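Asks: Next up is a structure, given as structure tokens.
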DNA sequence: CTGAAAGCGCTTACAG
DNA sequence: CTGAAAGCGCTTACAG
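Chains as they are written, first to last, in UniProt numbering: chain A, 1 to 335; chain B, 1 to 335.
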């Protein structure tokens, strides 16, 4: 078997009998700056490069330049999920489209959780990270070293400031609470939370909900679903009394609807409800929620990263993607 | 905004007040070979590296070593398809599992068709390519330069030998034809082909079918579906006469079944049929086909690549993944 | 046991 | 207009 012998600039230079500086200049279209090459030499060089099958060595280029127009997309979730609607799909589409538009290629590092991961990420000029990170020392180290890393969704790393873009939860949650308040005269609403690990987005959503309710003089009762995402009888009793319920996660809805059915209650007339997510699973259209802007957020993440990479000022860069309230049967106005 | 200042070996060496050769040795566990470092120095170095947040520069390492234990997975298809069952999913799982087992990380290059792509691939030590390649000059160049590239599915590149793994179509097709022959007394079968571009796997399947039929003294009539994957009336008439039909692609089956229904014919009793694919879409269980061994083939591709990379002999390496005939209603024996 | 030095392939400021 | 040279960060054979 023949070896993979890389054709280098040197080889091309020898073949064309010129210095390799000229070859580099021609092949990178840098002709005209500090280096100038005669038209004939140029053609000769291009011909030789093609004939020998020259493939530039990205590793060397990256080492010398510090950049390679590659951005890493990183997630700790499974990348190729079997589920029809991958939670990250729309983010990724936005990332991909925008990266292409801005002239970046994309490098997807498939998760193999190791300390080494960080050095792999660093092959790229910067990275976009989707999903909930485990408490990873490698990532933390990168952030602390000021590696250009943009999180999709707000993330904190102790002691250092992080770069992130996220949804404008505050505004849409205020609208949602307004709407629920208009809908019925109850002075109390029940907020049902899942048992998921406490992360920044979840904290944010709860805070915004409480603030919005307070500004309208509404009381909020917070209850937790159990590990099977079910409500206790007491919790359900509260909801029956208050008539208005807000869930933090989509997957809490189905168990709740089963419960409603068993009690003979009807969503949207006996009980009003909403959920603090978009309908990314495509199967909760009858719930009041917000619009799916995941593509837009992915896109924004890349724009933000691009600013970082070009050392442009971030002052006037927006970091929030607006969300739109989608009012549906679960909290529709009575006809 | 602070710059991303990379912490280098030099920085660590300065901090620990040792030469950077020692740092390199310690950090790579190479202590003991041509370089030996005292236990105390070792601990000091590790402590300094951790404190400064040293992240090895993969680009430099790759440039020096020529390897970085990264393999690229490359495909021209959309990588994050919305469809529930991605055609490449099972291949990818096999690739991923085996790469992990053999100590490789995986780098997914998202397709942006450019000449530059080839230099991006070459960041990795080798590559596995899934799916039908367009006639890409970059890929051709890599193959000609002996870059370690394994195709999933047989692929030819003019003038040079390629590395590929594929399914053992020959054996399973022979079994399938045997089965169809046992099933009914017809001496002729109809082979329906799609209008897809002619590629190696398709040529192979056709050839194996013809050979298998010939060895049993069966005649094969080849017909083409139209651009909407429909059969002409004449073609359908032939099938009605011969009673046995084989399709090359899954997507031809639904239009055919609609036609059958319209004619009041029943698959598996009036007409027998089979398809030269596995049921990767999960919705053709009632068709005689072969088993889905995509995971196994992805796995094999990585094993093959690993042999290439370690310059082991390829002599005794199997390149075929066996397929198993799955007999189903479309050609079941009458009860 | 430790350090100085060469070299991987490239880019670019600089000298001729 | 063209070439020689330094240097990006790393590894490793070799000298001390």
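Note that beta-carbon positions come from the ideal geometry of N, C-alpha and C, so glycine has one too.
Here the structure is a predicted model, which means the values were calculated and not measured.
For the candidate residues 253(B), 155(B) and 125(B), whose alpha-carbon lies nearest to that of residue 71(B)?
Replies: Mapped onto the second chain, residue 71(B) falls at position 71. Closest option to residue 71(B), Cα to Cα, is 125(B).
Asks: Considering only their Cβ atoms, is the gap separating residue 50(B) from residue 53(A) smaller than 7 Å?
Replies: Numbered from 1 along the first chain, position 53 holds the residue referred to as residue 53(A). Numbered from 1 along the second chain, position 50 holds the residue referred to as residue 50(B). Contact: no.
Asks: In terms of residues, what are the limits of the alpha helix (DSSP H) holding residue 178(A)?
Replies: By 1-based counting over the first chain, the position of residue 178(A) is 178. Start and end: 169-183.
Asks: State the beta-bridge partners of residue 191(A) as determined by DSSP.
Replies: If you number the first chain from 1, residue 191(A) lands on position 191. According to DSSP, which records beta bridges pairwise, residue 191(A) is partnered with 222(A) and 246(A).
Asks: Ordered along the chain, which non-local residues of its own chain (more than five positions away) have a Cβ less than 6 Å from that of residue 163(B)?
Replies: Locating residue 163(B) in the second chain gives position 163, counting from the first residue. Hits under 6 Å: 150.
Asks: Please report the distance separating the alpha-carbon of residue 252(A) from that of residue 236(A).
Replies: Taking the first residue of the first chain as position 1, residue 252(A) is located at position 252. Taking the first residue of the first chain as position 1, residue 236(A) is located at position 236. So the two alpha carbons sit approximately 13 Å from each other.
Asks: Would you call the stretch 101-109 of chain A and the stretch 162-181 of chain A in contact, with 3 or more CB pairs under 8 Å?
Replies: Judged by Cβ distances under 8 Å, the stretch 101-109 of chain A makes no contact with the stretch 162-181 of chain A, as fewer than three pairs qualify.
Asks: When burial is assigned at 16 or more other CB atoms within 10 Å of the CB, is residue 278(B) buried or exposed?
Replies: Against the second chain, residue 278(B) aligns to sequence position 278. Counting Cβ neighbours within 10 Å, residue 278(B) comes out buried, since at least 16 surround it.
Asks: Quick one: which chain B residues come within Cβ less than 7 Å of residue 60(A)?
Replies: By one-based count along the first chain, residue 60(A) stands at place 60. What residue 60(A) touches in chain B: 63.
Asks: Compare the beta carbon distance of residue 119(A) and residue 58(B) with 7 Å and say whether it is the shorter of the two.
Replies: Counting from 1 along the first chain, the entry for residue 119(A) is found at position 119. Counting from 1 along the second chain, the entry for residue 58(B) is found at position 58. Yes; because the gap between Cβ atoms is below 7 Å, this pair is in contact.
Asks: Spell out a yes or no on whether the stretch 294-302 of chain B and the stretch 188-208 of chain B are touching, meaning 3 or more CB-CB pairs, one atom from each, closer than 8 Å.
Replies: Taking 8 Å as the limit for Cβ pairs, the verdict is that the stretch 188-208 of chain B does not touch the stretch 294-302 of chain B.
Asks: Would you mind giving the Cβ-Cβ distance between residue 276(B) and residue 248(B), rounded to the nearest angstrom? I have them listed as a contact below 8 Å.
Replies: Residue mapping note: residue 276(B) aligns to position 276 of the second chain, counting from 1. Residue mapping note: residue 248(B) aligns to position 248 of the second chain, counting from 1. Indeed, because the Cβ distance is near 5 Å, the residues count as touching under 8 Å.
Asks: Please compile the residues from chain B whose C-beta is within a distance smaller than 9 Å of the C-beta of residue 302(A).
Replies: Numbered from its first residue, the first chain carries residue 302(A) at position 302. Those within 9 Å of residue 302(A) in chain B number zero; the least Cβ separation is about 13 Å.
Asks: I think residue 192(A) touches residue 231(A), with their Cβ atoms under 8 Å apart; what is that distance to the nearest whole Å?
Replies: Taking the first chain and counting its residues from 1, the one referred to as residue 192(A) is at position 192. Taking the first chain and counting its residues from 1, the one referred to as residue 231(A) is at position 231. Contact flag correct, Cβ pair sits at about 7 Å.
Asks: Could you check where the beta strand (DSSP E) with residue 72(B) kicks off and where it finishes?
Replies: Looking up residue 72(B) in the second chain gives position 72. First-last of the beta strand (DSSP E) with residue 72(B): 70-75.
Asks: Determine the DSSP secondary structure at residue 325(A), reduced to helix, strand or coil.
Replies: Residue 325(A) sits at position 325 when you count from the first residue of the first chain. It is a strand residue.
Asks: Hey, which unbroken runs of the beta strand (DSSP E) at 3 residues or more fall wholly within the stretch 119-153 of chain A?
Replies: Whole beta strand (DSSP E) segments, 3+ residues: 126-130 and 149-152.
Asks: So residue 157(B) and residue 128(B) are supposed to be a Cβ contact under 8 Å. How far apart are they, rounded?
Replies: As a first step, residue 157(B) must be located in the second chain, where it is residue number 157. As a first step, residue 128(B) must be located in the second chain, where it is residue number 128. Going by Cβ atoms, the distance from residue 157(B) to residue 128(B) rounds to 16 Å, so no, they are not a contact pair.
Asks: Does residue 243(A) pass the burial test, meaning 16 or more other C-beta atoms within 10 Å, or should it be called exposed?
Replies: Residue numbering aside, residue 243(A) sits at position 243 when the first chain is read from its first letter. With 16 or more Cβ atoms within 10 Å of its Cβ, residue 243(A) is classed as buried.
Asks: Output needed for residue 319(A): all residues of its chain with C-beta closer than 6 Å, excluding positions within five of it in sequence on either side, in chain order.
Replies: In the first chain, residue 319(A) corresponds to position 319, counting from 1. Here the set comprises 165.
Asks: Taking 7 Å as the threshold (beta carbon to beta carbon), is residue 55(A) in contact with chain B?
Replies: If you number the first chain from 1, residue 55(A) lands on position 55. Residue 55(A) counts as touching chain B.
Asks: Compare the C-alpha of residue 132(B) against each of 75(B), 300(B), 234(B) and 61(B) and name the closest.
Replies: The sequence position of residue 132(B) within the second chain is 132, counting from 1. Comparing Cα positions, the closest option is 75(B).
Asks: Would you tell me roughly how many angstroms separate the C-alpha atoms of residue 265(B) and residue 271(B), rounded to the nearest one?
Replies: One-based indexing of the second chain puts residue 265(B) at position 265. One-based indexing of the second chain puts residue 271(B) at position 271. Their Cα atoms are separated by approximately 7 Å.
Asks: Return the chain-ordered list of same chain residues with a C-beta closer than 7 Å to the C-beta of residue 317(A), the five sequence neighbours on each side being excluded.
Replies: To locate residue 317(A), count along the first chain from 1; it is residue 317. For residue 317(A), where only same-chain residues beyond five positions count, the Cβ hits under 7 Å are 304 and 307.
Asks: Are the C-beta atoms of residue 4(A) and some chain B residue less than 7 Å apart?
Replies: Looking up residue 4(A) in the first chain gives position 4. Yes, contact with chain B.
Asks: Can you look up residue 82(B) in the DSSP assignment and give me helix, strand or coil?
Replies: Counting from 1 along the second chain, the entry for residue 82(B) is found at position 82. For residue 82(B), the predicted structure reports a pLDDT of 46, less than 50, and the residue's modelled location is therefore unreliable. A value from the coordinates is still provided. Residue 82(B): coil per DSSP, three-state reduction.
Asks: Indicate whether residue 37(B) and residue 26(B) have their beta-carbon atoms separated by less than 7 Å.
Replies: Counting from 1 along the second chain, the entry for residue 37(B) is found at position 37. Counting from 1 along the second chain, the entry for residue 26(B) is found at position 26. In contact: residue 37(B) and residue 26(B) (Cβ atoms closer than 7 Å).
Asks: Listing by chain order, which chain B residues have their CB less than 8 Å from the CB of residue 144(A)?
Replies: Within the first chain, residue 144(A) is the residue found at index 144, counting from 1. Those are 53, listed as they occur along chain B.
Asks: Count the other C-beta atoms from every protein chain shown that fall within 10 angstroms of the C-beta of residue 82(A), then say buried if there are 16 or more, exposed otherwise.
Replies: Residue mapping note: residue 82(A) aligns to position 82 of the first chain, counting from 1. With a pLDDT of only 46 at residue 82(A), under the threshold of 50, the placement of this residue in the model should not be trusted; the figure read from the coordinates follows. So residue 82(A) counts as exposed.
Asks: Enumerate in chain order the residues of its own chain whose CB-to-CB distance from residue 259(A) is below 7 Å, with the five nearest sequence positions on each side excluded.
Replies: Working through the first chain from its first residue, we reach residue 259(A) at position 259. Counting only Cβ-Cβ distances below 7 Å, and skipping sequence neighbours, we find 231 and 236.
Asks: How many angstroms separate the CA atom of residue 178(A) from the CA atom of residue 300(B)?
Replies: Reading the first chain from its first residue, position 178 is the one you call residue 178(A). Reading the second chain from its first residue, position 300 is the one you call residue 300(B). Roughly 58 Å separates the two Cα atoms.
Asks: Report buried or exposed for residue 289(A), applying the criterion of at least 16 other Cβ atoms within 10 angstroms of its Cβ.
Replies: Along the first chain, read from residue 1 onward, the residue named residue 289(A) stands at position 289. Under this definition residue 289(A) is a buried residue.
Asks: Which residues does DSSP pair with residue 273(B) in a beta bridge?
Replies: On the second chain, residue 273(B) is found 273 positions in, with the first residue counted as 1. DSSP output for residue 273(B) lists 245(B) as bridge partner(s).
Asks: Using DSSP with H/G/I as helix, E/B as strand and the rest coil, what is residue 163(B)?
Replies: The count along the second chain starts at 1 and reaches residue 163(B) at position 163. DSSP places residue 163(B) in strand when its eight states are reduced to three.
Asks: If you count every other CB in all the chains shown that lies within 10 Å of the CB of residue 40(A), and 16 or more means buried, which is it?
Replies: Translated into the one-based positions of the first chain, residue 40(A) becomes position 40. Burial call: exposed.
Asks: Determine the DSSP secondary structure at residue 41(B), reduced to helix, strand or coil.
Replies: Translated into the one-based positions of the second chain, residue 41(B) becomes position 41. DSSP places residue 41(B) in helix when its eight states are reduced to three.
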